[in-house]
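Novice: Quick note: the sequence shown uses our numbering, first residue 12, plus one each step.
Heads up, the beta-carbon is just placed ideally off N, CA and C, and yes, glycines get one too.
Predicted model only: the values in this text are computed from it and were never measured.
This is the structure I want to talk about, given as structure tokens.
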Amino acid sequence: MPELPEVETVRAGLEQWVVGRTIKAVEVNHPRSIRRHVAGARDFAQLLKGRTITAARRRGKFLWLPLDSSDAIVGHLGMSGQMLVQPRTAPDEKHLHIRFDFTDRGPQLRFVDQRTFGGLAVSIGGAELPEEIAHIAKDPLEESFVDKEFVESLRRKRTGVKRALLDQTLISGVGNIYADEALWRARIHGNRPSDELSRQAAQRLLGEVKAVLREAIEAGGTSFDALYVNVNGESGYFERGLNAYGREGLPCHRCGTPIKRSTFMNRSSFYCPRCQKER
């Protein structure tokens, strides 16, 4: 699933290509892609016709496009969602579910989703912050994120530290890949109880979370297959710099010990058994 760096890469592309443009028409080809818009496809399209996109914003793994109506298009990419900017003459993608045409007759915005776990909806009055995502914690790259509050909340949690990093009500945008990378950099095992972390260790971990997210954004995110791409259909290349995730059996870049993999919440964790002691 796309994490903060991948979603931020898409947001930046939308800011470049669709902000300031007025929607002429919306075509919905798959009802599942607007399942969170309970009024249905016709209402979705009518609410957007004639509206101008005024910004492109993100919180954690969610995107939203504020409109001049004070509403917003809010979306989640799910496992395979893509927001593509395509010439109007480009052939339809196989899994094209939503198409936006603009009054300037320029490139279309297309929502493509092979697995249909993602989707879009109109958030009424949601331009500033959609109500649908208001419960999600601030992400660590937001200006209003308060490091001290996160550190203290993390140390109060009575759970494994990796599980805490994936808790979107504590900190948003951090998923499996970047949690493993930050934990490797901080030399902390993911199963270590978060309430046993010293304040210094928690601060160090947060610093590594921010660093790995920023580096991944600079690299355009992590693409292990063709499903994650930016708005121009290009893959990210941060996988070249991964130290833990996906490297089972390969030598740790720090000490040479083979990276291990363990099962975690129906997915995998990757760590160095020498650098990241569980106890």
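1. Run through the region 124-172 for me and flag every whole beta strand (DSSP E) of 3 or more residues, listed as ranges in chain order.
2. By the three-class DSSP mapping on this structure, what secondary structure does Q214 have?
3. Taking 9 angstroms as the cut-off, decide whether the C-beta atoms of G184 and P151 are in contact.
4. Counting pairs of beta carbons, one from the region 42-51 and one from the region 59-66, are three or more of them closer than 8 angstroms?
5. Identify the residues that DSSP records as bridge partners of H87: which are they?
6. Provide the residue span of the alpha helix (DSSP H) that contains V30, from first to last.
7. Under 8 angstroms by Cβ, that's how I've got H106 and V123 pegged, so tell me the actual separation to the nearest angstrom.
8. Note the first and the last residue of the continuous alpha helix (DSSP H) segment covering Y282.
9. In angstroms, rounded to a whole number, what distance separates the CA positions of L181 and A213?
10. Rounding to the nearest angstrom, what Cα-Cα distance links P269 and A148 in this structure?
11. Can you say whether R196 is buried or exposed, counting buried as having 16 or more other CB atoms within 10 angstroms of its CB?
12. Return the CA-CA distance between A9 and E289, expressed in angstroms with no decimal places.
13. According to DSSP, is R22 part of a helix, a strand, or is it coil?
14. Find out if the Cβ-Cβ distance for the pair V21, V242 is shorter than 9 angstroms.
15. Is the distance from the Cβ of G267 to the Cβ of E226 below 9 angstroms?
16. Is Q27 buried or exposed, if buried means 16 or more other CB atoms sit within 10 Å of its CB?
17. Rounded to whole angstroms, what is the Cα-Cα separation between D206 and S164?
18. Do K173 and G201 have their CB atoms nearer than 9 angstroms?
19. Just confirm the distance between the C-beta atoms of V18 and L74, as a whole number of angstroms; I'd bet it's less than 8 angstroms.
20. May I ask you to report which of helix, strand or coil DSSP gives P102?
21. Considering only residues of the same chain and omitting the five flanking positions on each side of P141, which have a CB-CB separation below 7 angstroms?
22. Which residue's Cα is closest to the Cα of M94: K159, D178, N254 and G130?
23. Can you tell me whether A175 is buried or exposed, with buried defined as 16 or more other CB within 10 angstroms of its CB?
24. On the premise that R126 lies in contact with R110, defined as a C-beta separation below 8 angstroms, what is that separation, rounded to the nearest angstrom?
25. What does DSSP give as the partner residues of Q97 in its beta bridges?
Specialist: Looking at the atomic coordinates:
1. 130-134
2. helix
3. With respect to P151, G184 sits close: the two C-beta atoms are nearer than 9 angstroms.
4. no
5. Note: H87 sits in a beta bridge opposite F73 and G130.
6. First-last for V30: undefined, no H or E at that position.
7. 5 angstroms
8. Where Y282 is concerned, there is no enclosing alpha helix (DSSP H), although the beta strand (DSSP E) it sits in stretches over R278 to Y282.
9. 14 angstroms
10. 35 angstroms
11. Counting the other Cβ atoms within 10 Å of the Cβ of R196 gives 16 or more, which makes it buried.
12. Because the chain here runs from 12 to 290, residue 9 falls outside it and cannot be looked at.
13. helix
14. Contact annotation: V21 and V242 have beta-carbon atoms nearer than 9 angstroms.
15. no
16. Exposed.
17. 9 angstroms
18. yes
19. 6 angstroms
20. coil
21. W75, A83, V85 and S134
22. G130
23. buried
24. Wrong, their Cβ atoms sit about 19 angstroms apart, outside the cutoff.
25. Q119
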